[in-house]
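Visitor:
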Amino acid sequence: MPDPLNHQLKVLIVETLRLEDITPASIPDDEPLVGGGLSLDSIDALELVVRLEKEFGIKIASSEESRTALASVTALSAYLRAHADPARLPA
Amino acid sequence: MNAPAPAAATPARNPGPSWGYRFLRLADRWVPEPLFRPARAFGTAVALLNMREQRRHSRAYLRVILGREPATREVFRHFFAFEEMLMLKLRVADGRPHRGVLAPGCSDFRRFLDTPEDALLGTFHVGHSDLVGFLFGGQEQRRVSMVRLRVGNSHDVEKLGATFGRWVSFVWVNEGENLLFALKDAITAGGSLALKCDRLEHSSRAEPFQFLGARRLFPFTIYHLAIIFGRPVYLCVGVPGAPGESVIHSSPRWLPDPSVSRARNLESARAHFQVFLDLVESLLRADPYLWFNYRPLNLEAPARP
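These protein sequences, in sequence, are chains A and B. For the first sequence, our numbering begins at -18 and goes up steadily by one. For the second sequence, our numbering begins at 7 and goes up steadily by one.
(1) Pull out every residue of the segment 9 to 24 of chain A whose Cβ sits closer than 9 Å to any Cβ of chain B, in chain order.
(2) Give the secondary structure of B/Ile71 by DSSP, where H, G and I count as helix, E and B as strand, and everything else as coil.
(3) Is the beta carbon of A/Val15 less than 9 Å from the beta carbon of A/Pro5?
(4) Quick check: what's the CA-CA separation for B/Pro294 versus B/Val37?
(5) Would A/Val30 pass as an interface residue toward chain B - the criterion being a Cβ-Cβ separation below 9 Å?
(6) Could you give the distance in angstroms between the alpha-carbon of B/Leu41 and the alpha-carbon of B/Ala47?
(7) In this structure, what does DSSP give as the bridge partners for B/Cys242?
(8) Using a Cβ-Cβ cut-off of less than 8 Å, give me the residues of the segment 194 to 225 of chain B that come near chain A, in sequence order.
(9) To the nearest angstrom, report how far apart B/Gly106 and B/Glu251 are at their CA atoms.
(10) Return the bridge partner residues of B/Val177 from the DSSP annotation.
(11) Can you give me the Cβ contacts of B/Val174 inside the same chain, cut-off strictly under 7 Å, excluding the 5 residues immediately before and after it?
(12) Give the residues from the segment 50 to 64 of chain A that approach chain B closer than 8 Å (Cβ to any Cβ), ordered along the chain.
(13) Can you tell me which residues form a DSSP beta bridge with B/Gly106?
(14) By the DSSP assignment, the alpha helix (DSSP H) with A/Ala56 in it spans what residues?
(15) Rounded to a whole number of angstroms, what is the C-alpha to C-alpha distance between B/Arg276 and B/Phe29?
(16) Name the two residues that bound the continuous alpha helix (DSSP H) containing A/Ser47.
(17) Quick check on A/Glu45 - is its C-beta less than 9 Å from some C-beta in chain B?
(18) What whole-angstrom Cβ distance do B/Ile243 and B/Gly133 have, given they're in contact under 8 Å?
(19) Hey, would you say B/Asp191 sits closer than 9 Å to A/Ala42, going by beta carbons?
(20) Cβ closer than 7 Å: which chain B residues qualify as neighbours of A/Leu27?
(21) Cutting at 6 Å between CB atoms, please list the residues of its own chain near A/Leu61, excluding the five before and the five after it.
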């Protein structure tokens, strides 16, 4: 049973960055988001961070924090569970 | 695409002695201009002799824009134009009245100045452009964050920052790793953000544009930031005008359209940047000494297949 937050994040990544030829299901849970198979760069990371902040009411203040958060979908889920308002997370 | 530069352990220095800026300001107060200007020209000649790298790059740039081998006196003029800009910055920092005047045809920028809208302001190391942000803050009383490289002896910028501190703040690019996040904070905090669009070393994304007879790479990050944050972009440069004035040339307003694709937005952004770059080139062809990049000219992009 896939983690619903992981799935929500994959949809959000594809939508936000308008990734062509990539479906949410094809994004691995544990692959690095930046510099990995998705070929995201620092501007993509910034755009993703801005969307995540809006969507989950969090504040990612530095590139170091973003590296931790965006290490993978699993890492991002863990980061959001630790920092986001639980009401904004899927049950 | 360029990765952000790593943070510098020791900030670079502007050329010249550590006491140079203070000496210039002191001399400016006591030495009459008919004597001081030749003395500055002599100082520039000494700098020209000592700054081999910058001399080489100046010569290479002048060769491109003049279409022939430049004479040594032309390289000297290129250096002296920069020295005079530096002197102007010190004078403005010391409170000498100086104003920015919009060039004809800058109606979008005029409208922008008359509204409380915040924008991304792209500028270039050309002529009086270094002053545009300060004039924008001090004269128009608008808050602006300026993206700058912190160097070991940036007395001119520090003094200008102190003089215009109520309106102007800085985002230092030296912390390359955190630069984009510093820009995010500056944009979301309100106020406009001014960043240079001609040097590649701190740019996350670059694209080729026609400039000085070739397709050359220029930073393009400003448009990506505009799309991410939904902010308008104005490009501007300042050139010498009447005494006590800088003439500010500005592009029309460019605003990302959320109803069209990113590709369409970037396509119109490219056209926007190219039109302004053509204007910059025409200003430089009218006065070639206003290009204040004493470094290799922007790299030529590989030919399109």
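All C-beta atoms in this analysis are idealised placements derived from N, C-alpha and C, irrespective of residue type, glycine included. These figures come from a predicted structure and were not determined experimentally.
Guide: Looking at the atomic coordinates:
(1) Asp22, Ser23, Ile24
(2) helix
(3) no
(4) 30 Å
(5) yes
(6) 10 Å
(7) B/Ser256
(8) Ser210, Arg211
(9) 6 Å
(10) B/Val153
(11) Gly139, Phe140, Gly143, Val150, Met152, Gly167
(12) none
(13) B/Ser252
(14) 54 to 64
(15) 44 Å
(16) 44 to 50
(17) yes
(18) The question names Ile, but residue 243 of chain B in the sequence shown is Val. With a Cβ gap of about 6 Å, B/Val243 and B/Gly133 count as contacting.
(19) yes
(20) Leu186, Lys190, Ile234
(21) Phe37
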